[in-house]
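S.K.:
Numbering (the working numbering), first residue to last: 33 to 209.
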């Protein structure tokens with residue numbers, strides 16, 4: 033490089049970049065079935081017929097909104113639907129007033145013998161209905177909950193060492209809430 037001179041010359045773009053012309057034809061203007069109507073010097077209306085027959089999924093022929101649908105005779109919808117995932121719940125019959133009074137009387141006589149579940153099974157209603165029709169008074173409810181807690185605690189005493197440790201950890205964690 034000792035004998036040669038190197039000249040670096042900067043060159044600038046002489047024109048701005050432009051989008052190249054389109055290579056495909058405009059489908060609106062070059063459609064043989066299209067009808068072109070010039071509405072004003074700078075506005076053109078082009079109507080093209082649909083390329084195929086209407087489908088059942090078309091929004092113009094079969095609109096999705098029930099407000100746009102025309103009245104049609106009801107068809108057998110049940111045959112078109114898939115089977116239900118769960119069995120339908122059976123509606124329990126309404127109990128007459130004399131049976132409701134009998135539930136209340138039995139519940140007041142001996143709430144430990146005539147529990148919600150026992151009365152619901154014997155009268156063919158739900159336990160929630162029994163508790164709505166014949167609720168326990170506060171002292172009986174407290175006694176029932178205390179008995180339940182004693183039974184649970186007795187069952188917990190038979191747990192292993194690991195389960196008891198986890199229960200104590202949870203109890204300690206709950207204190208810090």
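All C-beta atoms in this analysis are idealised placements derived from N, C-alpha and C, irrespective of residue type, glycine included.
Closest to residue 154 by CA distance: which of 177, 176, 127 and 170 is it?
M.R.: Position 122 of the chain shown holds residue 154. Minimum Cα distance to residue 154 is reached at 127.
S.K.: Along the chain, where does the beta strand (DSSP E) that runs through residue 72 open and close?
M.R.: Indexing the chain shown from 1 puts residue 72 at position 40. 67-72 is the extent of the beta strand (DSSP E) around residue 72.
S.K.: Rounding to the nearest angstrom, what Cα-Cα distance links residue 132 and residue 188 in this structure?
M.R.: If you number the chain shown from 1, residue 132 lands on position 100. If you number the chain shown from 1, residue 188 lands on position 156. Cα to Cα, the separation comes out at about 38 Å.
S.K.: May I ask you to list the residues that DSSP assigns as paired with residue 78?
M.R.: Here residue 78 refers to the residue found at position 46 of the chain shown. 68.
S.K.: If I'm right that residue 156 touches residue 116 with Cβ under 8 Å, what's the distance once you round it to whole angstroms?
M.R.: On the chain shown, position 124 is the one that residue 156 refers to. On the chain shown, position 84 is the one that residue 116 refers to. With 8 Å as the limit, residue 156 and residue 116 do not qualify as a contact, their Cβ atoms being about 24 Å apart.
S.K.: Looking only at its chain, what residues have a beta carbon closer than 6 Å to the beta carbon of residue 77, apart from the 5 residues adjacent to it on each side?
M.R.: Within the chain shown, numbered from 1, the residue matching residue 77 stands at position 45. Counting only Cβ-Cβ distances below 6 Å, and skipping sequence neighbours, we find 69 and 71.
S.K.: Under the rule that 16 or more other beta-carbon atoms within 10 Å means buried, what is residue 198, buried or exposed?
M.R.: Position 166 of the chain shown, counted from the start, is the residue given in the question as residue 198. The residue in question, residue 198, is exposed, as its Cβ has fewer than 16 Cβ neighbours within 10 Å.
S.K.: If I follow the unbroken alpha helix (DSSP H) through residue 208, where does it start and stop?
M.R.: Translated into the one-based positions of the chain shown, residue 208 becomes position 176. No alpha helix (DSSP H) holds residue 208; DSSP gives it neither H nor E.
S.K.: Tell me where the alpha helix (DSSP H) around residue 153 begins and ends.
M.R.: Against the chain shown, residue 153 aligns to sequence position 121. Residues 148-155.
S.K.: Count the other CB atoms, across all protein chains shown, that sit within 10 Å of the CB of residue 195; report buried if there are 16 or more and exposed otherwise.
M.R.: Residue mapping note: residue 195 aligns to position 163 of the chain shown, counting from 1. So residue 195 counts as exposed.
S.K.: Report the three-state DSSP secondary structure of residue 162 (helix, strand or coil).
M.R.: Position 130 of the chain shown, counted from the start, is the residue given in the question as residue 162. Three-state DSSP puts residue 162 in a helix.
S.K.: Just to confirm my understanding: we take residue 143, look at its own chain, exclude 5 residues before and 5 after, and list those with CB closer than 8 Å. What are they?
M.R.: Translated into positions along the chain shown, residue 143 becomes position 111. Only 168, 172 and 176 meet the Cβ criterion.
S.K.: Distance check for residue 151 and residue 159, CA to CA, integer angstroms please.
M.R.: One-based indexing of the chain shown puts residue 159 at position 127. One-based indexing of the chain shown puts residue 151 at position 119. Taking the straight line joining both Cα atoms gives about 8 Å.
S.K.: Pop quiz: residue 148 and residue 165 are said to be a contact at Cβ under 8 Å. What is the actual Cβ separation, rounded to whole angstroms?
M.R.: Along the chain shown, read from residue 1 onward, the residue named residue 148 stands at position 116. Along the chain shown, read from residue 1 onward, the residue named residue 165 stands at position 133. Contact doesn't hold; Cβ gap of about 10 Å is too wide.
S.K.: Could you check how far apart the C-beta atoms of residue 136 and residue 146 are, in whole angstroms? I think they sit under 8 Å.
M.R.: Start at 1 with the first residue of the chain shown, and residue 136 comes out as number 104. Start at 1 with the first residue of the chain shown, and residue 146 comes out as number 114. Not a contact, Cβ separation roughly 10 Å.
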